[in-house]
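Engineer: First the structure, then my questions, so here it is.
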Amino acid sequence: MSKNMTQAIDAFMQSISARNPGETEFIQAVREVAEVIIPFNEENKKYKEANILERMCEPERAVIFRVPWVDDQGRNQINRGFRVQMNSAIGPYKGGLRFHPTVNLSILKFLAFEQVFKNSLTTLPLGGGKGGSDFDPKGKSDAEVMRFCQSFMTELSKHIGGFTDVPAGDIGVGGREIGYMFGQYKRLRNEFSGVLTGKGLQYGGSLIRTEATGYGTVYFADEVLKAHGHSMHGKVCAVSGSGNVAQYTIEKLLHLGAKPVTVSDSQGYVYDPEGIDEEKLAFIKELKNEKRGRISEFAGKYKSATFYKELTPWNAKIDLAFPCATQNELPDYDMQTLIDNGCIGVFEGANMPTTEGALDLIRKNRILFSPGKASNAGGVATSGLEMSQNSMRLSWSSEEVDKKLKEIMVSIHENCERYGRIDDDYVDYVKGANIAGYVKVADAMLAQGHV
Ligand SMILES: NC(=O)C1=CN([C@@H]2O[C@H](COP(=O)(O)OP(=O)(O)OC[C@H]3O[C@@H](n4cnc5c(N)ncnc54)[C@H](OP(=O)(O)O)[C@@H]3O)[C@@H](O)[C@H]2O)C=CC1
Ligand SMILES: O=C(O)CCC(=O)C(=O)O
Numbered sequence: 336m337s338k339n340m341t342q343a344i345d346a347f348m349q350s351i352s353a354r355n356p357g358e359t360e361f362i363q364a365v366r367e368v369a370e371v372i373i374p375f376n377e378e379n380k381k382y383k384e385a386n387i388l389e390r391m392c393e394p395e396r397a398v399i400f401r402v403p404w405v406d407d408q409g410r411n412q413i414n415r416g417f418r419v420q421m422n423s424a425i426g427p428y429k430g431g432l433r434f435h436p437t438v439n440l441s442i443l444k445f446l447a448f449e450q451v452f453k454n455s456l457t458t459l460p461l462g463g464g465k466g467g468s469d470f471d472p473k474g475k476s477d478a479e480v481m482r483f484c485q486s487f488m489t490e491l492s493k494h495i496g497g498f499t500d501v502p503a504g505d506i507g508v509g510g511r512e513i514g515y516m517f518g519q520y521k522r523l524r525n526e527f528s529g530v531l532t533g534k535g536l537q538y539g540g541s542l543i544r545t546e547a548t549g550y551g552t553v554y555f556a557d558e559v560l561k562a563h564g565h566s567m568h569g570k571v572c573a574v575s576g577s578g579n580v581a582q583y584t585i586e587k588l589l590h591l592g593a594k595p596v597t598v599s600d601s602q603g604y605v606y607d608p609e610g611i612d613e614e615k616l617a618f619i620k621e622l623k624n625e626k627r628g629r630i631s632e633f634a635g636k637y638k639s640a641t642f643y644k645e646l647t648p649w650n651a652k653i654d655l656a657f658p659c660a661t662q663n664e665l666p667d668y669d670m671q672t673l674i675d676n677g678c679i680g681v682f683e684g685a686n687m688p689t690t691e692g693a694l695d696l697i698r699k700n701r702i703l704f705s706p707g708k709a710s711n712a713g714g715v716a717t718s719g720l721e722m723s724q725n726s727m728r729l730s731w732s733s734e735e736v737d738k739k740l741k742e743i744m745v746s747i748h749e750n751c752e753r754y755g756r757i758d759d760d761y762v763d764y765v766k767g768a769n770i771a772g773y774v775k776v777a778d779a780m781l782a783q784g785h786v
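With our numbering applied, the sequence shown corresponds to residues 336 to 786, in that order.
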């Protein structure tokens with residue numbers, strides 16, 4: 336990269352840092368995009384002259400609100416609620432809600448920013464947003480979670496709607512939470528609408544939405560492997576996390592003949608050299624989705640497995656890594672270990688799990704890599720399919736939805752390859768995803784005037 340270009344990127348990032356002090360995750364997400372888009376804008380002056388990137392870095396709106404609720408002991412509790420409505424150029428704001436004690440404005444702005452590019456890549460008419468709360472559902476009774484969700488939705492309902500903003504789940508928000516929030520929205524508005532996705536199948540949910548993020552991640556990884564002369568069959572895989580995305584990543588890896596050997600949660604990871612098969616996966620699903628237990632219990636149940644307390648799965652000797660837990664969970668030193676152990680590909684199921692330092696190592700060593708905004712886009716894409724079914728008042732079969740999901744992942748791969756091919760042997764999917772996601776939103780913004 337030329338010296339002038341490096342200076343232009345540094346100057347842009349200085350202004351972003353000054354406008355968003357202390358928002359480290361948001362600044363990290365913007366830098367990854369700016370490093371690709373600022374050089375692209377030099378060759379596409381219409382975007383540069385209209386300050387499209389600058390505008391995309393400023394949320395159209397962000398609401399922060401108090402969420403009061405009463406716990407089982409009758410005590411008053413207060414949490415903070417957020418919704419960041421980042422960009423509506425190509426459709427209503429769309430993106431998940433995260434309930435986790437670490438949630439803050441920086442994390443939600445980074446997620447909303449990523450969501451704009453991701454949703455554009457899906458080919459569907461979806462703008463980008465994200466929200467949530469610093470509420471921790473862990474250790475709470477169902478009744479407490481319900482009271483919290485009802486209070487959260489009482490305020491959020493003023494800012495969302497089927498044609499305005501359609502939230503969904505993310506960390507800490509699954510079928511239970513979506514159900515409670517949907518019920519409250521319906522009471523407040525006296526309206527049965529597709530205002531949330533990830534709904535239960537009895538009340539407007541789509542088949543395959545639960546599976547979609549994990550399945551889509553593996554479909555995308557399979558495309559990347561094929562495009563580089565490899566195959567999924569027989570590959571030994573490390574998966575992090577044990578929630579929604581991790582579970583269905585493991586499931587699809589098994590369908591394609593790969594061998595997942597790790598799974599984790601915030602307390603540590605489990606390594607099972609014999610592999611996590613369908614039966615062990617069923618145990619994980621029950622443990623995490625129903626009993627809401629800890630992953631260490633897996634090693635208690637299966638003698639072939641070992642639990643490593645407070646460690647992450649990146650020490651295992653594996654071919655492919657699927658980080659599916661949270662942001663910045665794969666730092667440079669772990670990436671170096673993965674490379675030393677022969678890892679050939681990293682496919683993000685989570686949002687921004689790979690740090691900037693780890694990404695540098697990936698590029699230097701030409702490791703196959705897909706950014707979450709491309710590889711985990713199957714979740715929001717299937718949310719888009721849920722919205723279509725709700726509008727049409729019908730339900731597609733799981734085969735139909737899965738086929739559409741697969742087609743969308745293949746088309747995202749093609750689009751990323753188009754903008755990200757470096758030479759005959761390597762595609763830079765970060766570059767490809769950022770440019771492909773940007774162009775559609777940028778053109779829509781240009782067409783709509785100075786918005
Ligand atoms: N659900 C979806 O459709 C989509 C999700 N994503 C992304 O995928 C990732 C996982 O989401 P999802 O599976 O839905 O969430 P879940 O809440 O279902 O699962 C999250 C998993 O990650 C672990 N985890 C969370 N925070 C940390 C942390 N700080 N350190 C270590 N482990 C952690 C959790 O462990 P524990 O139980 O101990 O907290 C749990 O195993 C997130 O980055 C999310 O943004 C992306 C696209 C769509
Ligand atoms: O399904 C959705 O609307 C959002 C999914 C999501 O939060 C994400 O893609 O990160």
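Built from N, CA and C at the ideal position, the CB exists for glycine as well.
Just so it is clear, the structure is predicted and the values come from calculations on it, not from any experiment.
1) Spatial neighbours of serine 492 within its chain, please: C-beta separation below 7 Å, excluding the five flanking residues on both sides.
2) Where does asparagine 411 sit, in a helix, a strand or coil, going by DSSP?
3) Which residues in the same chain as lysine 636 place their Cβ atom closer than 7 Å to its Cβ, once the five residues preceding and following it in sequence are excluded?
4) Apart from the five residues just before and just after glycine 540, which ones in its own chain have a Cβ nearer than 6 Å to its Cβ?
5) Assuming methionine 722 and threonine 532 form a contact by the criterion Cβ under 8 Å, report the distance between their Cβ atoms to the nearest whole angstrom.
6) Can you give, in chain order, each stretch of the alpha helix (DSSP H) that sits fully within the segment 536-622 and has at least 4 residues?
7) Grouping DSSP H, G and I as helix and E and B as strand, with all else coil, what is methionine 722?
8) Given that a residue counts as buried once 16 or more other Cβ atoms are within 10 Å of its Cβ, and exposed if not, what is serine 732?
9) Report the rounded CA-to-CA distance for serine 730 versus leucine 542, giving the unit in angstroms.
10) Please tell me whether, using a cut-off of 7 Å, the distance from the CB of threonine 532 to the nearest non-hydrogen atom of ligand 2 is below it.
11) Is methionine 336 buried or exposed, if buried means 16 or more other CB atoms sit within 10 Å of its CB?
12) How big is the Cα-Cα spacing for phenylalanine 375 and isoleucine 413?
13) Could you give the DSSP three-state label for leucine 531: helix, strand or coil?
14) Report the option in Tyr550, Glu490, Ser528 and Asp477 whose CA atom is closest to the CA atom of tyrosine 840.
15) Which residues in the same chain as valine 402 place their Cβ atom closer than 8 Å to its Cβ, once the five residues preceding and following it in sequence are excluded?
16) Could you pull the DSSP bridge partners for asparagine 422 from this structure?
17) Kindly indicate the opening and closing residues of the alpha helix (DSSP H) around tyrosine 773.
18) Please list, in chain order, all residues of the same chain as methionine 744 whose beta carbon is under 6 Å from its beta carbon, the five residues on each side excluded.
19) Under 7 Å from any heavy atom of ligand 2, does the C-beta of lysine 429 make it?
20) Should isoleucine 585 and valine 530 be called a contact, given that it needs their Cβ atoms to be closer than 8 Å?
21) Proline 688 bridges to which residues according to DSSP?
22) Looking at alanine 447 and glutamate 801, is the spacing between their C-beta atoms short of 8 Å?
23) For glycine 474, report the span of its beta strand (DSSP E) as first-last.
24) Can you tell me whether aspartate 505 sits near ligand 2, meaning its C-beta is under 7 Å from at least one heavy atom of the ligand?
25) Can you name, in chain order, every residue of its own chain whose Cβ lies under 7 Å from the Cβ of glutamate 370, other than the five neighbours on each side?
26) Quick one: measure Cβ to Cβ for serine 639 and proline 608, integer angstroms, because I've assumed they're closer than 8 Å.
27) Sorted by chain position, which residues of the same chain lie with C-beta nearer than 6 Å to histidine 568's C-beta, five sequence neighbours on each side aside?
28) Smallest Cα separation from lysine 596: which of Ile611, Leu589 and Leu560?
29) Hey, out of Lys453, Val774, Val438 and Asp557, whose CA is closest to isoleucine 506's CA?
30) Step through the CB atoms of chain D and report whether any lies within less than 8 Å of the CB of glycine 540.
31) Taking 8 Å as the threshold (C-beta atoms), are proline 658 and alanine 685 in contact?
32) What's the gap between the Cα of proline 406 and the Cα of glutamate 479?
33) For aspartate 600, which of Val571, Phe633 and Lys699 has the nearest alpha-carbon?
34) Over what stretch of residues does the alpha helix (DSSP H) that includes glycine 510 continue unbroken?
Structural biologist: Checking against the coordinates, here is how it stands:
1) Tyr520, Leu523 and Arg524
2) strand
3) Phe618
4) Closer than 6 Å at Cβ, skipping near neighbours: Lys534.
5) 6 Å
6) 544-562, 579-590 and 613-620
7) Helix, per DSSP.
8) exposed
9) 8 Å
10) yes
11) exposed
12) Our two residues, phenylalanine 375 and isoleucine 413, have alpha carbons roughly 45 Å apart in a direct line.
13) Note: leucine 531 maps to coil in three-state DSSP.
14) No answer is possible for residue 840: the residues shown for the chain start at 336 and end at 786.
15) Ile413, Asn414, Arg415, Gly416, Ser468, Phe470, Phe483, Ser486, Phe487 and Glu490
16) Gly463
17) First-last of the alpha helix (DSSP H) with tyrosine 773: 764-782.
18) Gly551, Tyr554, Phe555 and Gly713
19) yes
20) no
21) In DSSP, proline 688 forms no bridge with anything.
22) The structure shown does not extend to residue 801, since the chain spans only 336 to 786, so no value can be given for it.
23) Counting along the chain, glycine 474 falls outside any beta strand (DSSP E), and DSSP gives it neither H nor E.
24) yes
25) Ile344
26) About 7 Å separates the beta carbons of serine 639 and proline 608, which is inside the 8 Å limit, making them a contact pair.
27) Gly592
28) According to the sequence displayed, residue 596 carries valine and not lysine. Cα-wise, what sits closest to valine 596 is Ile611.
29) Val438
30) This model lacks chain D altogether, as it is built from one protein chain only.
31) yes
32) Sequence check: residue 406 is aspartate here, not proline. Roughly 6 Å separates the two Cα atoms.
33) Phe633
34) Glycine 510 -> alpha helix (DSSP H) spans 510-524.
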